[in-house]
Amino acid sequence: MRFRLKLVLLLPLLCFQALSTYADNYPKNLNIDILHYTFELKLSDATDEIWGVTTIRVLFKKEGIDKLRLDLVKANEALQGKGMTVESIMQQGKTLAYSHADNVLWISLPQPSNANSESQLVITYHGIPADGLRIGPTKYGDRSFFNENWPNRARHWLPTVDHPYEKASSEFVVTAPAHYQVVSNGLLMEETNLDASTKLTHWKQAVPVSSWLYVLGVAEFAVQYVGWFEGKSIQTWVYNKDREAGFYDFAEPTKQALGFFSDYVGPYVYEKIANVETPSVKGGMETSSAIFYGEELVDGKRSTRLRNVVIHELAHQWFGNAVTESSWDDAWLSEGFATYFTMLFIEHAYGRAELLSQLQAAKKTTYANLAKDPGYKIVADRSPELGPVTNALTYQKGAWILHMLRNLLGILLFKPAFRTTTSVSSMAMPRPLISDWPWNGLRAKI
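Written out as structure tokens, the structure reads:
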């Protein structure tokens, strides 16, 4: 398309060809496609141990595949006994052989795969998470269960392909003490009191996402159904002790931002949008359809800081969630885009002076960080095992690159160019497709 061609021609002006070998050497297997996870979890107030049954529906694209690799942190002495212990792995009622070492779970299939064949595996396990799922008090001292999978910590409590290249739909079926409410990705399918003390809650999301975007929050919540956007529910989930403050804080600008991004980029693809208070993150985390916000932000003042975090995490529902980097080396394409599109909404809603203020702050942050680390490149070797995959430059310099691109293209071309590219990528092929975008082959030291 004409807009795609313009991006291809203009991006070399912004960057140099990358020549390095990228450090994200996760063992991808593109002949295996995880289609769906069902995570059944049992939680208790008596212990921090969790009991899990994960059912995985997998497509083998090639014949002759005889093993499946998953990430799952194994219980070990270095973690003071924390971690997961696998009890069994089943396929159609038959027990499968497996090995679990170095936090990798290898499952031996009963026979080599046929091309384009599907299989369903059931993994039963238990343990105390060393990370990933935070079990502990809120700011009020109340017990709660909240995850933080970013960037590769889902493996601490969920057997998954724990890398952004693999995206799958999901279900969470959670049995927990009845005094809790449970929030997760997608739509609420069931909420049933099993007895006087236990409740089952079932959430299901049909849209595939990467493992860091699976979400679980279990606490004594106050829940408000704020309104609707394109037929999808807008919700607020805050601690019941923050009911008044939280409902006020999150009343704006969710619907306005959803409308702006939907018009600018493409349709909102998830089944709902929930703003959720949590002790597990500082700032925000873009978990799909149920966004986490740090409890320190909820104070009833509707601060500019919270407003900007809400806008940023909503932008991620398009950039990072619907369209996802296939390698950690390209994490700036998630954070840089979300940062700049936050600025674009601020310009739209609050005026150009606000945009210019944001850009100047971003420039100041960029220069300050480059002064400390002159050799830092936002596109470079990245691996969570070796160090952080983002820093302030990933956000702020990334945003400035897009601002330069907007100035080069002009406002009249910038918007349709991005709407064309993102809509095709996220709607037609819900895979991690930033590697298929116009800058494929232009990965750069920028």
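For the sequence shown, my numbering gives the first residue as 4, with consecutive numbering after it.
Beta carbons are placed, not taken as given, at the ideal position from N, Cα and C, and that holds for glycine.
Everything numeric in this text was worked out from a predicted model, so none of it was measured.
Taking every protein chain shown into account, the CB of N152 has 16 or more other CB atoms within 10 angstroms, so this residue is buried.
Around the Cβ of H182, a 10 Å sphere holds fewer than 16 other Cβ atoms; the residue is exposed.
No residue range can be given for E52, since it is assigned to no beta strand (DSSP E) and is classified by DSSP as neither H nor E. With contacts defined by Cβ atoms closer than 8 Å, V185 and V212 do not form a contacting pair.
Shortest Cα-Cα distance from A260 to any of I59, W215 and W321 involves W321. If you look at H406, you'll find it isn't in any beta strand (DSSP E); it sits in the alpha helix (DSSP H) that goes A395 to L412. Annotation: L197 to R146 spans about 21 Å, alpha carbon to alpha carbon. Distance between A383 and P180, taken at the CA atoms: about 46 Å. Annotated three-state conformation of F175 is strand, per DSSP. Ranked by Cα distance from R310, the first of K97, K170, G286 and L44 is G286.
With contacts defined by Cβ atoms closer than 8 Å, F250 and T239 form a contacting pair. Between the alpha carbons of V177 and E43 lies a gap of roughly 6 Å. Beta-bridge annotation (DSSP): M87 is paired with K77 and G130. Cβ contact annotation for W403 (same chain, cutoff 7 Å, sequence separation greater than five): A365, K366 and T369, in chain order.
As a beta-bridge residue in DSSP terms, W240 pairs with V226 and V279. In this structure K97 is exposed. Its beta-carbon is surrounded by fewer than 16 other beta-carbon atoms within 10 angstroms.
Straight through space, the alpha carbons of G55 and L203 are spaced by roughly 14 Å.
Per the coordinates, the alpha-carbon of K258 lies some 22 Å from the alpha-carbon of Y242.
Counting only runs of at least 3 residues, the stretch 270-351 fully encloses the following beta strand (DSSP E) elements, listed from N- to C-terminal order: 275-281 and 293-297.
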